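What follows is a set of notes on a single structure, which appears directly below.
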Amino acid sequence: MDEVFRHVDARSAELAGHPLVTWMKNAPVPPTRRLLILPVLAPLAMAYRDICTWVLPYPSPHDDLQAAINVRAAGGLPHCTQYLADWDALGLDDQLGWRFGDLMWWLFLAPETEAMRRARTQLLAMPAADGGDPLLRCAWSDAIDACSAVFFRATAPVAGQVARNTGLQYRYLGSRQRALAGRHPAYAAAFTGYRLTASGRAQAVALADAVIDTFEGLFSCVLEYGTAYPAAGQVPHRPAGVTPAGAGSLPRRSPQARPVNAAIQGLLYEWRAHTAQHPLYEWLRSSQAPAAAGRLALLLPEWAMSIVGYHDLCTFALPCQQETGTAAADLNSWAGKLSGHSAAFLADWDALGLDGRLGWTASQALHWLYVDPRMDAYRRTMAKAVRMAAGCVSPLARMWLLEALEASGQAWFAAAMEPAAEVERDTAGHLNYLAGRCEITSPDNGRFRQQRLTPRECEQVADMIAQVFDCMNRQLDLSMARVQRPMPRAGGA
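So the numbering used here is basically just the index in the sequence shown, starting at one, shifted up by 1.
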């Protein structure tokens, strides 16, 4: 492990020569404006709590190495609140003028944040790469710490200068603790001197390198944002007039031949039928509940991250990057088309006037999505989906994962269509996503179901189906418990 640590130190020292570090130090831009790089960090900075909650730690550590990693993970939990404190100190709500819908676009769809979102997905998937080995997990998480220290060593002096001028403290960008932090003490105590096999050392170095390479891209992303927006005195805006992909009438499903994977298809059917009986769907259809638009307005803020976050799942996690062949091509095509649903949902969000109904600023929306414990189950579901996708070597198994994800939402859409249709009749507007006009079936029209799964694939697919629907039912239970209580308005997020 000492060799791995030396390798991480050498690579992170090279990262300190990135042009972003020079820009933060010497750019002919007022220091306060240099700190306005904060928004582009949001997709990864706010998700770091999820990495430290569901990705990095071991639920039941059984040795000193796993315990040391859990100590390290606990230290990353306050990042979200510190980030939001800097957001407020910089007055970003007023400068950006964003509402909830704008923030969702920024977190999951904006081209300016693509590198951050790809990195977020990569880090959520890391347990599939380390296989639970604490030596490998130490290597990649140590690389995160080393790269983060390089970044905060660049921002902390600027934040300190601004703090002296304004009297405001910057707890995230100005963190001296993160800027000066070396290797985590728990790692130094537990891992230093631990011997790896030659193959284990090669794996550890490869995982550390993957993280450091990702951070090089992130530094470039921040620099591009800094020069395009803060340095130019500009702010990004969500483009208007997004046309939902796939809008039209619902496609007919072709009749299926006798299933080859009968046990798997039967399991999927049973889960889908059970979930379809959830009382939340009866509430959605009920004329005794609030008016149709009100029912949707109560429900959608909780489901927004799951729906808009589907874009990154279908863009970065589910596609096969290396595999070739018909199954991989069909999977990539299907996932690519489904990624367009997020923009369609945001169009419905606007048509329902949900930003006005909620009255939330961007910082309040960030707090709701990433800090409020009521949203933990929704983010955990996305983290699980990324991890399951990363653990699928077979493109066919990934097709079944995507099939399970789509099937888990069928009853949700069937119930949402009724209030959506009512809103359309009352307003003459269009809710293409909620009205079910964006459904996209698999490119092979479901023929992948007739490809025989191996026993190992059957076991993996059955487990994934159970996890997908278990998460769905948990989210439905949470929504059912909350829909009869009003959502908090501005100031109460």
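Just so you know, even glycine gets a beta-carbon here, dropped at the ideal spot from N, CA and C. Only a predicted model underlies this, so the values are computations on that prediction, with no experimental measurement involved.
key: Nearest neighbour of R202, chosen from P112, L136, A28 [CA to CA]   = Position 201 of the sequence shown, counted from the start, is the residue given in the question as residue 202. Comparing Cα-Cα distances from R202 to each of P112, L136, A28, the minimum goes to L136.
task = Could you tell me which of L359, T327, T228 sits nearest to L36, measuring between CA atoms?
result = Residue mapping note: residue 36 aligns to position 35 of the sequence shown, counting from 1. When only C-alpha atoms are compared, the closest one is T228.
Whole-angstrom distance between D349 and Y158, CA atom to CA atom = In the sequence shown, counting from the first residue as 1, residue 158 sits at position 157. In the sequence shown, counting from the first residue as 1, residue 349 sits at position 348. For clarity, residue 158 is Pro in the given sequence; the question names Tyr instead. Annotation: P158 to D349 spans about 44 angstroms, alpha carbon to alpha carbon.
Length of the line joining the Cα atoms of L355 and L300 = As a working mapping, residue 355 is identified with position 354 in the sequence shown. As a working mapping, residue 300 is identified with position 299 in the sequence shown. Between L355 and L300, the C-alpha separation is close to 11 angstroms.
ask   = Which word fits N27, buried or exposed, when buried means at least 16 other C-beta atoms lie within 10 angstroms of its C-beta?
value = Here residue 27 corresponds to residue number 26 of the sequence shown, with the count starting at 1. With a threshold of 16 other beta carbon atoms within 10 Å, N27 falls short and is exposed.
key: Rounded separation between L285 and R375 - CA only   = Counted from its first residue, the sequence shown places residue 285 at position 284. Counted from its first residue, the sequence shown places residue 375 at position 374. Spanning the two alpha carbons is a distance of roughly 20 angstroms.
With 16 other Cβ atoms within 10 Å as the buried cut-off, status of R73 = For the purposes of this step, residue 73 is taken as residue 72 along the sequence shown, with counting starting at 1. Classification of R73: buried, given that the 10 Å Cβ count is 16 or more.
ask   = For the alpha helix (DSSP H) that contains A318, what are its first and last residues?
value = On the sequence shown, position 317 is the one that residue 318 refers to. For A318, no alpha helix (DSSP H) encloses it, and the DSSP letter there is neither H nor E.
key: Chain-order list of residues whose beta-carbon lies under 8 angstroms from that of T193 (same chain, five-residue window excluded)   = Along the sequence shown, one-based indexing puts residue 193 at 192. Apart from sequence neighbours up to five positions away, the residues of its chain that approach T193 with a beta-carbon distance below 8 angstroms are M2, D3, F6, ordered along the chain.
ask   = For the stretch 12–89, which segments carrying the alpha helix (DSSP H) assignment without a break, of at least 4 residues, lie completely within its bounds, in sequence order?
value = Taking only runs of at least 4 residues, the alpha helix (DSSP H) segments lying wholly in the stretch 12–89 are 20–27, 32–35, 39–46, 65–75.
query = Taking G132 as the reference, which of H80, Q204, S13 has the closest Cα?
reply = Counted from its first residue, the sequence shown places residue 132 at position 131. Checked all of H80, Q204, S13; the closest Cα to G132 is Q204.
message = I need the straight-line Cα distance from Q289 to E283, nearest angstrom please.
response = Here residue 289 refers to the residue found at position 288 of the sequence shown. Here residue 283 refers to the residue found at position 282 of the sequence shown. About 10 angstroms.
message = Quick check on V9: does DSSP put it in helix, strand or coil?
response = For the purposes of this step, residue 9 is taken as the residue at position 8 of the sequence shown. If DSSP states are grouped into helix, strand and coil, V9 belongs with the helices.
request  = Return helix, strand or coil for H238, following the three-state DSSP convention.
outcome  = Here residue 238 corresponds to residue number 237 of the sequence shown, with the count starting at 1. Residue state, collapsed to three classes: coil.
message = Does the contact criterion of 3 or more C-beta pairs under 8 angstroms hold for the stretch 360–373 versus the stretch 427–438?
response = With a cut-off of 8 angstroms, the stretch 427–438 and the stretch 360–373 do not count as touching, because too few Cβ pairs lie within range.
key: Same chain only: Cβ atoms within 7 angstroms of P44, ignoring 5 sequence neighbours per side   = In the sequence shown, counting from the first residue as 1, residue 44 sits at position 43. Once the five neighbours on either side are set aside, the close Cβ partners of P44 are L108, T114, M117, R118, R121.
ask   = To the nearest angstrom, how far is it from the Cα of P444 to the Cα of R273?
value = Looking up residue 444 in the sequence shown gives position 443. Looking up residue 273 in the sequence shown gives position 272. Taking the CA atoms as reference points, P444 sits about 22 angstroms from R273.
key: Whole-angstrom distance between S334 and Q452, CA atom to CA atom   = Counting from 1 along the sequence shown, the entry for residue 452 is found at position 451. Counting from 1 along the sequence shown, the entry for residue 334 is found at position 333. As the crow flies, the alpha-carbon of Q452 is around 18 angstroms from that of S334.
query = Which one of P186, P58, H185, V163 has the shortest CA to CA distance from M25?
reply = The residue you call residue 25 lines up with position 24 of the sequence shown. Among P186, P58, H185, V163, the Cα nearest to that of M25 belongs to V163.
key: Top-ranked residue by Cα proximity to A440, from V9, L339, N474, D313   = In the sequence shown, the residue the question calls residue 440 occupies position 439. The sequence given here has Glu at residue 440, not Ala. Comparing Cα-Cα distances from E440 to each of V9, L339, N474, D313, the minimum goes to L339.
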